[in-house]
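Beneath this line is the structure, given in structure tokens, with notes to follow.
There are 2 protein chains.
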Amino acid sequence: MRVAILAHEQFPDRAKTAVGVLRYGDQKVVAVLDRATAGTTVGDHLPDVGADDVPIVESIADAPDFDALLIGIAPIGGGFDESWRSDVRAAIERGADVVSGLHYFLAEDEEFAALAADHGVELRDVRNPPEDLTVAEGIVRDLDVEVILTVGTDCSTGKMTATLELVEAARAAGLNAGFVPTGQTGIMIEGSGIPIDRTISDFTNGAVERLIRERADEHDYLFVEGQGSIVHPAYSTVTCGILHGAQPDHLVLCHEADREVIHGYESYPVTDPSKLADLYVALAEPVAPTELLGGSLNTYGLDADEAADAIAEYGGSIGAPAVDPVRDGAGAIVEQLVPDR
Amino acid sequence: MRVAILAHEQFPDRAKTAVGVLRYGDQKVVAVLDRATAGTTVGDHLPDVGADDVPIVESIADAPDFDALLIGIAPIGGGFDESWRSDVRAAIERGADVVSGLHYFLAEDEEFAALAADHGVELRDVRNPPEDLTVAEGIVRDLDVEVILTVGTDCSTGKMTATLELVEAARAAGLNAGFVPTGQTGIMIEGSGIPIDRTISDFTNGAVERLIRERADEHDYLFVEGQGSIVHPAYSTVTCGILHGAQPDHLVLCHEADREVIHGYESYPVTDPSKLADLYVALAEPVAPTELLGGSLNTYGLDADEAADAIAEYGGSIGAPAVDPVRDGAGAIVEQLVPDR
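Protein sequences, first through last, are from chains A and B. If you're matching positions, the first sequence starts at 1 in our numbering and goes up one per residue. If you're matching positions, the second sequence starts at 1 in our numbering and goes up one per residue.
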């Protein structure tokens, strides 16, 4: 699938979805829309994503043929910026689907809905979960697949990136590995998934179970994108549903170096990662026993020596192999899964 | 408020909501609708709820004046039984509100919606959470109120009943105590609340926080109705949201005597209550430290001697005062909260 990605005035540093799709997606990116950096190429900003020659353009009119427009930025609050309207309109008029992770649903926008109907294209709001979710049956352990879940000490500790790097490392090691996205960015990268934080709490475990069940036949290993933290004052609900819905065989604990308080909840200290790993294992055990496979440390902002020290210390504290997957990949964790020849 | 309660063909044994309102509600019940037992009185079936002379009638036409009709039964699946339609219609035509905990929303029924508009009455579907829920702020511990939460080893272990008995015992001990309902039956008894299992997972902690915040000024002690179990394969999400949203100072662990497997999930054993109590405390601690105040044991089906033995054994195993609140009330738990004179 050929895609254009809208990232006006935010590419690349504040365009998490756009960069994620460029780095990890299977789609062919034909253009990035950013009026602030138009005229340059992706390679000028991100030399390491294999998209050096992809043009950054001012508007849809300047983009080569594509099948879908992805909204590649997620402003605080999740609203729709009216300055994007002409591009969305032009994409629909060129016969392209539009995929969005915004809280504002494009399919409920009267102009877009009418235009999409006229042109026979789909407006896909990935934050909108399926309407036929049900309670979990508790059957993941009966499936013929090994499940690895990323969990965290907080939100925004790099769980999605760690999960995607684990998948890449597993495939590089010859394993048949799949990615299970649970958040809007992951869903846009993978092209499928359920935004678990938008599910009704009674069906949250069931939604995760469905994601695993749908992919279990195709893969030997499934790497599930975690969310939040099991001791987050606001988001622990989501985390618990993923932990018990996914019934993971293994956990990878994601942490950010030097983070000491919960992001946005500064009166709450981050729990010691070693203690928290034990808590995740203890909470999982009565539903489906699990074990800590490794740790992922986000060392963004540290120099190479500091990062190496921090990673070694982190691995020592949790008693499992640790990596910064952005610096080193996740091979050191995945190699524990590779069967002996 | 004067209420009539619809409980056709299920009163009293399969009419949990009707019985709960009769036993614990502040409303004045003027009639129960049950075509199977019409002509008898509530006292003929339930001599211990203080409603001996309340008539059981065949239909709305036979009921004295009332302000609201409560749907007091919850069939499996939560559907609306068409044999109730004439009673709901007649109640609206008599100018009464209708309160329902069904999955089927009366307000979305075309006939009822039109009729309710004509007669200026409200159709209140208590399983429908407010639309303006938000993420938790994590501020319950800043409020001037002591929070007690019932938690369980499984669903249907008597958490709602235990919570209501705790409130009664607290009031009898002179404490200013309030009830915080989180499920449809509790909401119908109290007349307010949020069905936590229907909230979007991102807002579940926040919904519980809101319930506490709204009641904190009026009471010194709030008793929160728990749901599910923190190690339930399907419903743990809901439980986790309540645990971290309510930030309880104290927990009361509810268990059913002799239950060995999770109801409806028979391949999952019930976790040892003592071990599970430790897990609840450990999971709460990083968000808001708590402690086990007591245990509630459902001994329905045991004789008095067996029940006394089971309660003593349960209390010993969890290391806290235990009661069967239906047999003995919850005074033995609540007395620990009463300040020294």
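Backbone N, C-alpha and C fix where the C-beta goes; we use that ideal spot for every residue, glycine too.
Contacts of residue i in chain B (Cβ-Cβ under 7 angstroms)
{"i": "H263 of chain A", "result": "Result: empty, since nearest Cβ-Cβ is about 12 angstroms, beyond 7 angstroms."}
{"i": "C240 of chain A", "result": "S236, T237 and C240"}
{"i": "L106 of chain A", "result": "Correct list: empty, because the minimum Cβ distance to chain B is about 20 angstroms."}
{"i": "T271 of chain A", "result": "P286"}
Cβ neighbours of residue i in the same chain (closer than 8 angstroms, five flanking residues each side left out)
{"i": "H219 of chain A", "result": "V145, N176, A177 and G178"}
{"i": "E291 of chain B", "result": "D249, H250, L251 and V281"}
{"i": "T153 of chain B", "result": "S229, L253, C254, H255, E256, R259, V270, T271, P273 and L276"}
{"i": "V224 of chain B", "result": "V147, I148, L149, T150, T163, V180, T182, V208, L211, I212, I242, A246 and P248"}
{"i": "V261 of chain A", "result": "S267, Y268, P269 and V270"}
{"i": "S156 of chain A", "result": "E256 and H263"}
{"i": "Y265 of chain A", "result": "H232, P233 and A234"}
{"i": "V238 of chain B", "result": "I196, D197, T204, Q227 and G228"}
{"i": "R35 of chain A", "result": "H8, E9, E58 and S59"}
{"i": "A90 of chain B", "result": "S59, I60 and A61"}
Per DSSP, cross-strand counterpart(s) of residue i
{"i": "R124 of chain A", "result": "A:V99"}
{"i": "E291 of chain A", "result": "A:H250"}
{"i": "K28 of chain B", "result": "B:R2"}
{"i": "H255 of chain A", "result": "A:L297"}
{"i": "V334 of chain A", "result": "None, per the DSSP bridge assignment."}
{"i": "G152 of chain B", "result": "B:C254"}
{"i": "P269 of chain B", "result": "B:V261"}
{"i": "F80 of chain B", "result": "DSSP output for F80 of chain B lists no bridge partner at all."}
{"i": "P55 of chain A", "result": "A:T41"}
{"i": "F179 of chain B", "result": "B:F223"}
{"i": "N234 of chain A", "result": "At residue 234 of chain A the sequence reads Ala, which differs from the Asn that was named. BP columns for A234 of chain A are empty, so no partner."}
{"i": "V323 of chain B", "result": "B:S296"}
{"i": "I71 of chain B", "result": "B:L6"}
{"i": "L33 of chain A", "result": "A:L6 and A:V57"}
{"i": "I200 of chain B", "result": "A:I200"}
Own chain, CB closer than 7 angstroms to residue i, minus 5 neighbours either side, in chain order
{"i": "P129 of chain B", "result": "I194, P195, R198, T199 and A207"}
{"i": "R215 of chain B", "result": "G178, V180 and L222"}
{"i": "L22 of chain B", "result": "V29, V42, L46, V49 and A51"}
{"i": "R141 of chain A", "result": "Q247 and A288"}
{"i": "A107 of chain A", "result": "A113, L123 and D125"}
{"i": "E190 of chain B", "result": "F179 and P181"}
{"i": "P64 of chain A", "result": "V30 and A31"}
{"i": "I318 of chain B", "result": "L253, P273, S274, A277, L292 and G295"}
{"i": "P78 of chain A", "result": "A small correction: the amino acid at residue 78 of chain A is Gly; Pro does not occupy that position in the sequence shown. Result list for G78 of chain A: L102, H103 and Y104, in chain order."}
Beta-carbon contacts of residue i that lie in its chain and below 6 angstroms, excluding the five residues immediately before and after
{"i": "A136 of chain B", "result": "N205, G206, E209 and G245"}
{"i": "I92 of chain B", "result": "L115, A116, H119 and V121"}
{"i": "V19 of chain B", "result": "P12"}
{"i": "Q27 of chain B", "result": "M1 and V3"}
{"i": "A173 of chain A", "result": "V334 and V338"}
{"i": "S236 of chain B", "result": "I230"}
{"i": "A15 of chain B", "result": "A7, G72 and I73"}
Partners in chain A for residue i, counting only beta-carbon separations shorter than 7 angstroms
{"i": "L149 of chain B", "result": "Here the premise fails: no neighbours, minimum Cβ distance about 14 angstroms."}
{"i": "A234 of chain B", "result": "V135, A136, G138, N205 and G206"}
{"i": "H244 of chain B", "result": "P233 and S236"}
Buried or exposed (CB count within 10 angstroms, at least 16 for buried), residue i
{"i": "Q247 of chain A", "result": "buried"}
{"i": "P325 of chain B", "result": "buried"}
{"i": "I76 of chain A", "result": "exposed"}
{"i": "V338 of chain B", "result": "exposed"}
{"i": "Q184 of chain B", "result": "buried"}
{"i": "S296 of chain A", "result": "buried"}
{"i": "Y201 of chain B", "result": "Note that residue 201 of chain B is Ser in the sequence shown here, rather than Tyr. Label assigned to S201 of chain B: buried."}
{"i": "S267 of chain B", "result": "exposed"}
{"i": "T161 of chain B", "result": "buried"}
{"i": "Y300 of chain A", "result": "exposed"}
{"i": "Q10 of chain A", "result": "buried"}
{"i": "G138 of chain B", "result": "buried"}
Partners in chain B for residue i, counting only beta-carbon separations shorter than 9 angstroms
{"i": "R198 of chain A", "result": "I200, S201 and D202"}
Beta-carbon neighbours of residue i, restricted to chain B and to distances below 8 angstroms
{"i": "A282 of chain A", "result": "L279 and A282"}
Chain A residues whose Cβ lies nearer than 9 angstroms to that of residue i
{"i": "V287 of chain B", "result": "V231, H232, P233, S236 and Y268"}
Residue i at chain C interface by Cβ criterion, 9 angstroms
{"i": "L302 of chain B", "result": "No chain C appears in this structure, whose protein chains are A and B."}
Could you tell me whether the stretch 41-55 of chain B touches the stretch 82-90 of chain B, where touching means 3 or more Cβ pairs closer than 8 angstroms? no
Within 8 angstroms, do at least three Cβ pairs link the stretch 160-168 of chain A to the stretch 310-317 of chain A? no
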